[in-house]
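Enquirer: For what it's worth, this note's numbering labels the leading residue of the sequence shown as 10, then goes sequentially.
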Amino acid sequence: MRNPLASAPVVRFGLILVLLLTSEAYGQVPLARPDINKPFAAPDFQQWVARFERPGREVYDRRHAIVAATGIRPGMRVADIGAGTGLFTRLFSDRVGPSGKVYAVDISEVFIDNIVRISREQGQHNVEGVIDSAGDVGLPPQSVDLAFICDTYHHFEKPRAMMVSVRRALKPGGQLVVIDFRKIPGVSTAWVLGHVRAGRPEVIREIEAAGFRLVEDSDLLRVNYFLRFETRE
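Given below as structure tokens:
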């Protein structure tokens, strides 16, 4: 007679594998390198300003074209997710005007404190700082018309959970703009190939699985891609 316990290790392994895959599908397993956000734990703000806001960085050189391409209008409520030093937060603030609002969202309290400080010094009182977590954007439900994620998606440790929370924060019919590095073997730099975890096709699949549909894939940028999504009902 066959011992029913003989297959127990196989069964246990199968259950563990299912649990791991299920967790990953819902964004509970970090997919980015565990230390990818370590530099932002206690960042030197001016050092990052020099790095992010410099000629030669494509999203800086093309910042005004990017803002125009988002379609942001006066009165809109916008979330700049992974706001960093506030480059786009400040541009969006001018764009939405006093009747609109910009949420500067980042995991770094240092970044958020400085963004709010500089915005106030420049008379931009429509900016609100939000410190998010690895799996939650930290915004109220249906609070924004457009979410903007620039060179930050590859830093999400729990991309599925984060995108579900972004979907929840968008109003019905809300839009999401994602800009990130093109990861193409033989074309992209060694830094991109080693640092960025997923290429454009994988990013599209992940975001669509979180309740979005792709509505625009623009050739506005060369090093980066520009994707626009809408919430899917």
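Ideal Cβ positions, reconstructed from N, Cα and C, are used throughout, including at glycine.
Given a threshold of 16 other Cβ atoms within 10 Å of its Cβ, counted over all protein chains shown, does glycine 91 qualify as buried or as exposed?
Expert: Stepping through the sequence shown from its first residue, residue 91 is reached at position 82. Classification for glycine 91: buried.
Enquirer: Tell me whether the beta-carbon of alanine 88 lies closer than 8 Å to the beta-carbon of alanine 178.
Expert: Translated into positions along the sequence shown, residue 88 becomes position 79. Translated into positions along the sequence shown, residue 178 becomes position 169. Cβ distance < 8 Å, so alanine 88 and alanine 178 count as in contact.
Enquirer: Please classify asparagine 12: is it buried, with 16 or more other beta-carbons within 10 angstroms of its beta-carbon, or exposed?
Expert: Indexing the sequence shown from 1 puts residue 12 at position 3. With a pLDDT of 45 at asparagine 12, under the threshold of 50, the modelled position of that residue is not reliable, and the figure given next carries that caveat. Its Cβ having fewer than 16 others within 10 Å, asparagine 12 is exposed.
Enquirer: Would you call alanine 34 buried or exposed, if buried means 16 or more other Cβ atoms sit within 10 Å of its Cβ?
Expert: In the sequence shown, counting from the first residue as 1, residue 34 sits at position 25. Confidence at alanine 34 is low in this model, with a pLDDT of 45, below 50, so the placement of that residue should be treated as unreliable; the coordinate-derived value is given next. Looking at its Cβ environment, which holds fewer than 16 other Cβ atoms inside 10 Å, alanine 34 is exposed.
Enquirer: Give, in chain order, every unbroken run of the alpha helix (DSSP H) that is at least 4 residues long and sits entirely within the region 173-212.
Expert: Correct list: 199-204.
Enquirer: Can you list, in chain order, the residues of its chain whose CB lies under 6 Å from that of valine 186, leaving out five sequence neighbours each side?
Expert: Taking the first residue of the sequence shown as 1, we reach residue 186 at position 177. Correct list, in chain order: Thr79, Phe157, Arg237.
Enquirer: Determine the burial state of aspartate 5: buried for a count of at least 16 other Cβ atoms within 10 Å of its Cβ, exposed for fewer.
Expert: Since the displayed the chain opens at 10 and closes at 242, residue 5 lies outside it and no answer follows.
Enquirer: Taking only three categories from DSSP, how would you classify lysine 47?
Expert: Counting from one through the sequence shown, the residue named residue 47 turns up at place 38. Three-state result, lysine 47: helix.
Enquirer: Do isoleucine 193 and phenylalanine 235 have their C-beta atoms closer together than 8 Å?
Expert: Position 184 of the sequence shown holds residue 193. Position 226 of the sequence shown holds residue 235. The answer is no: Cβ separation not under 8 Å.
Enquirer: Curious, which full-length beta strand (DSSP E) runs of at least 3 residues does the region 125-179 contain?
Expert: Segments of the beta strand (DSSP E) lying fully in the region 125-179: 136-140, 153-159.
Enquirer: Please list the terminal residues of the continuous beta strand (DSSP E) segment that includes valine 224.
Expert: Sequence index remark: in the sequence shown, residue 224 carries index 215 (1-based). That run of the beta strand (DSSP E) goes 221-227.
Enquirer: Compute the distance between the beta-carbons of glycine 40 and arginine 72, then report whether it is under 8 Å.
Expert: Here residue 40 is taken as the residue at index 31 of the sequence shown, counted from 1. Here residue 72 is taken as the residue at index 63 of the sequence shown, counted from 1. In the sequence on display, residue 40 carries leucine and not glycine. No, they are not a contact pair.
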